[in-house]
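Undergrad:
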Ligand SMILES: [Zn+2]
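In my numbering, the protein residues as written are 657 to 716.
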């Protein structure tokens with residue numbers, strides 16, 4: 657018996673931000689004065705899910 661199942665798009669957690677809607681990005685500032693690299697962690701809205709933390713996945 658062959659059964660055809662029509663799969664509807666699923667809502668899944670965004671892999672890019674792990675469902676948080678935000679991605680952390682480390683920005684480094686080269687500094688000649690201190691001789692060290694300064695790094696700062698900034699949060700950006702995830703581009704994959706546009707901040708919702710969920711993405712639609714169409715399974716085939
Ligand atoms: Zn995301």
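Backbone N, C-alpha and C fix where the C-beta goes; we use that ideal spot for every residue, glycine too.
#1: Using only the alpha-carbon positions, how far apart do residue 676 and residue 708 sit?
#2: Does the region 661–674 come close enough to the region 696–707 that 3 or more CB-CB pairs lie under 8 angstroms?
#3: Run through DSSP, which three-state label would residue 661 get?
#4: Am I right that residue 665 and residue 714 are in contact with their C-beta atoms under 8 angstroms? What's the rounded C-beta distance?
#5: Where residue 682 and residue 692 are concerned, what is the direct C-alpha to C-alpha distance, given to the nearest angstrom?
TA: Based on what the coordinates show:
#1: In the chain shown, residue 676 corresponds to position 20, counting from 1. In the chain shown, residue 708 corresponds to position 52, counting from 1. One C-alpha to the other measures close to 8 angstroms.
#2: yes
#3: Locating residue 661 in the chain shown gives position 5, where the first residue counts as 1. Collapsing the DSSP output to three states places residue 661 in coil.
#4: On the chain shown, residue 665 is found 9 positions in, with the first residue counted as 1. On the chain shown, residue 714 is found 58 positions in, with the first residue counted as 1. Right, their Cβ atoms sit about 5 angstroms apart.
#5: As a working note, residue 682 is residue 26 in the chain shown. As a working note, residue 692 is residue 36 in the chain shown. Their backbone Cα atoms lie some 15 angstroms apart in a straight line.
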